[in-house]
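Colleague: 334 is the number that the numbering used here gives the last residue of the sequence shown; the numbers go up by one with no jumps.
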Amino acid sequence: MEENLVVLKFGGKSLADRTKIGKIARYIKQRCKSEKVIVVVSAMGDCTDKLLLLAKKFCAKPNAREMDMLLSCGENVSASLMAIRLNGIGVKTCSLMGWQAGILAEGEHNKGTIYAIEKSAIEEKLLSNDCVVVAGFQALDRNGDVITLGRGGSDTTAVALGAAFDCHVEIFSDFNGICAGDPREQNFRKYSQVDYDTAVRYAGAGAKVLSKTSTQIAKEAKVDVTCKSSQKPNLLGTKLTSVPTAFAGINIKRGLCEIDLIYTHHSEMLQKTVKFVLQNVEFQNILIEKDKVSIFVDETNLETVKNKLSAINNLT
Numbered sequence: 019m020e021e022n023l024v025v026l027k028f029g030g031k032s033l034a035d036r037t038k039i040g041k042i043a044r045y046i047k048q049r050c051k052s053e054k055v056i057v058v059v060s061a062m063g064d065c066t067d068k069l070l071l072l073a074k075k076f077c078a079k080p081n082a083r084e085m086d087m088l089l090s091c092g093e094n095v096s097a098s099l100m101a102i103r104l105n106g107i108g109v110k111t112c113s114l115m116g117w118q119a120g121i122l123a124e125g126e127h128n129k130g131t132i133y134a135i136e137k138s139a140i141e142e143k144l145l146s147n148d149c150v151v152v153a154g155f156q157a158l159d160r161n162g163d164v165i166t167l168g169r170g171g172s173d174t175t176a177v178a179l180g181a182a183f184d185c186h187v188e189i190f191s192d193f194n195g196i197c198a199g200d201p202r203e204q205n206f207r208k209y210s211q212v213d214y215d216t217a218v219r220y221a222g223a224g225a226k227v228l229s230k231t232s233t234q235i236a237k238e239a240k241v242d243v244t245c246k247s248s249q250k251p252n253l254l255g256t257k258l259t260s261v262p263t264a265f266a267g268i269n270i271k272r273g274l275c276e277i278d279l280i281y282t283h284h285s286e287m288l289q290k291t292v293k294f295v296l297q298n299v300e301f302q303n304i305l306i307e308k309d310k311v312s313i314f315v316d317e318t319n320l321e322t323v324k325n326k327l328s329a330i331n332n333l334t
């Protein structure tokens, strides 16, 4: 396609009510002035959790296929309401369910894996529309059934679309990117960039800005991804990059941080020195790789550990 193309993904809290959907719609309208836009949406607010509870009122262990049919409804509602609002403010658009958007997945219900995206459906819609709104989290399986992609599935949808269309992806959440700690607790430093490997590891350890599957896809396909704030979407956010993130600490769960010490040459002596310096500091775990030492510490010890590691850097 000749026009600039971007994928914008919005999480459920960003779409929790009419006011928030309206705010996001106005931002999308602004972006459509200079770009063609694929919008990916999650279910509104806590809609998915409510549907899960509803199903369990009918059966303690619901059938997996029928659960996918039910849970996918949340994203369908978000996509159609967003398209209704966009059309209402003069943005020509249409909504697509996962199967209509050509997103194909395989595997077990409730945890499908995308194996292909047939781009023609979205490409055709973009020829006559300013943007297309795609229901995230869902796809079509090899049996012709709806299959969902697991928790964080809308992130997966967005990054997979970015890989398929070779375009930039912006993931919008409550926070302006990836921070050194939980921004809900205090004003932690925000990173301007984080490398793919670090993003994959932190997502796997429980960090909630991006899902593990989406970060893995971004890493493998080298997708240009930026994590941004839905409240202040014009801020720069955090960009995923192939450049290693030096000396970064990111909060994985409450009270626990990881510090990465990266060096440019392999040195067994440096690894031994790190262990020696930290022998009197309480830490949860230490991971030593060829060119990186990662230490998991309680946030109360964070400054002490950083100071000790900084001393090692100065010596080496």
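Ideal placement from N, C-alpha and C gives every residue a C-beta, glycine not left out.
Please read these numbers as outputs of a predicted model, since none were measured by experiment.
Per DSSP, which one or two residues make a beta bridge with Lys257?
Modeller: Gln211 and Thr244
Colleague: Closer than 7 Å by C-beta to Gln204: which residues in its own chain qualify, once you throw out the five before and the five after it? Chain order, please.
Modeller: Below a pLDDT of 50, predicted positions are generally treated as unreliable, and Gln204, at 46, falls in that range; no measurement from the model is reported.
Colleague: Assess contact between the region 124-131 and the region 93-112, defined as three or more Cβ pairs (one per stretch) separated by less than 8 Å. Is contact present?
Modeller: Contact fails: fewer than three Cβ-Cβ distances are below 8 Å.
Colleague: Tell me whether Cys77 is buried or exposed, calling it buried when 16 or more other Cβ atoms sit within 10 Å of its Cβ.
Modeller: Residue environment: Cys77 is assigned as exposed (fewer than 16 neighbouring CB atoms within 10 Å of its CB, all protein chains considered).
Colleague: Quickly, what does DSSP pair Leu122 with across the bridge? List them, please.
Modeller: Per DSSP, Ala134 and Leu158.
Colleague: In the structure shown, what three-state DSSP assignment does Asp163 receive?
Modeller: coil
Colleague: Using a Cβ-Cβ cut-off of 7 Å (strictly less than) and excluding sequence neighbours within five positions of Phe183, which residues of its own chain qualify?
Modeller: Residues of the same chain with a CB within less than 7 Å of the CB of Phe183, apart from the 5 flanking positions on each side, are Leu23 and Lys137 in chain order.
Colleague: In whole angstroms, give me the CA-to-CA distance for Asp215 and Val261.
Modeller: 10 Å
Colleague: Can you tell me whether DSSP reads Asn319 as helix, strand or coil?
Modeller: Secondary structure of Asn319 (DSSP, three-state): helix.
Colleague: Among the residues of its own chain, which have a CB less than 6 Å from the CB of Ala239, if the five just before and after it don't count?
Modeller: Ala181
Colleague: Whose CA, out of Gln118, Cys149 and Val187, lies closest to the CA of Gln156?
Modeller: Gln118
Colleague: On the criterion of 16 or more Cβ atoms from any shown chain inside 10 Å, does Gly120 qualify as buried, or is it exposed?
Modeller: buried
Colleague: Taking Ile46 as the reference, which of Val151, Val212, Leu88 and Lys74 has the closest Cα?
Modeller: Val151
Colleague: If contacts are defined as beta-carbon pairs under 8 Å, then Gly84 and Val59 qualify, I think. What distance do you get, rounded to the angstrom?
Modeller: Going by the sequence as given, residue 84 is Glu instead of Gly. Going by Cβ atoms, the distance from Glu84 to Val59 rounds to 23 Å, so no, they are not a contact pair.
Colleague: Do you know offhand how far Thr322's Cα is from Ala217's?
Modeller: 25 Å
Colleague: Hey, Asp192 and Ser248 are a contact pair by Cβ (cut 8 Å); roughly how many whole angstroms apart?
Modeller: Here Asp192 really is in contact with Ser248; their C-beta atoms are around 7 Å apart, less than 8 Å.
Colleague: Taking C-beta to C-beta, are Leu99 and Leu69 nearer than 8 Å?
Modeller: no
Colleague: Per DSSP, Lys27 is paired with what?
Modeller: Val58 and Ile189
Colleague: Report the rounded CA-to-CA distance for Ser57 versus Ala34, giving the unit in angstroms.
Modeller: Position check: residue 57 holds Val in this sequence, whereas Ser was assumed. Approximately 16 Å, taken between the alpha carbons.
Colleague: For the candidate residues Asp242, Phe190 and Leu258, whose alpha-carbon lies nearest to that of Pro251?
Modeller: Phe190
Colleague: Assign Leu167 to one of two classes, buried (16 or more other C-beta atoms within 10 Å of its C-beta) or exposed (fewer than that).
Modeller: buried
Colleague: According to the Cβ coordinates, are Cys50 and Asp148 closer than 8 Å?
Modeller: yes
Colleague: Just reading off the beta strand (DSSP E) that Ala236 is part of, what are its end residues?
Modeller: Careful: Ala236 lies outside any beta strand (DSSP E), inside the alpha helix (DSSP H) at Lys230 to Ala239.
Colleague: Quick one: what does DSSP say Ser52 is sitting in, helix, strand or coil?
Modeller: coil
Colleague: Classify Leu179: buried if its beta carbon has 16 or more other beta carbons within 10 angstroms, exposed otherwise.
Modeller: Buried, since its Cβ has 16 or more Cβ neighbours within 10 Å.
Colleague: How big is the Cα-Cα spacing for Arg169 and Ser229?
Modeller: 8 Å
Colleague: According to the Cβ coordinates, are Val243 and Leu253 closer than 8 Å?
Modeller: no
Colleague: Report the partner residues of Ser96 according to the DSSP bridge assignment.
Modeller: Answer is none; Ser96 lacks a bridge partner.
Colleague: Do Ala176 and Met115 come within 8 Å of each other at the CB atom, strictly closer than that value?
Modeller: No, these two residues do not count as a Cβ contact at 8 Å.
Colleague: When we look at the beta-carbon of Asp67 and count the other beta-carbons within 10 Å, is it buried (16 or more) or exposed?
Modeller: Asp67 is exposed by the Cβ-count criterion.
Colleague: Whole angstroms is fine: what's the gap from Val95's alpha carbon to Gly30's?
Modeller: Near 11 Å, if we compare the C-alpha coordinates of Gly30 and Val95.
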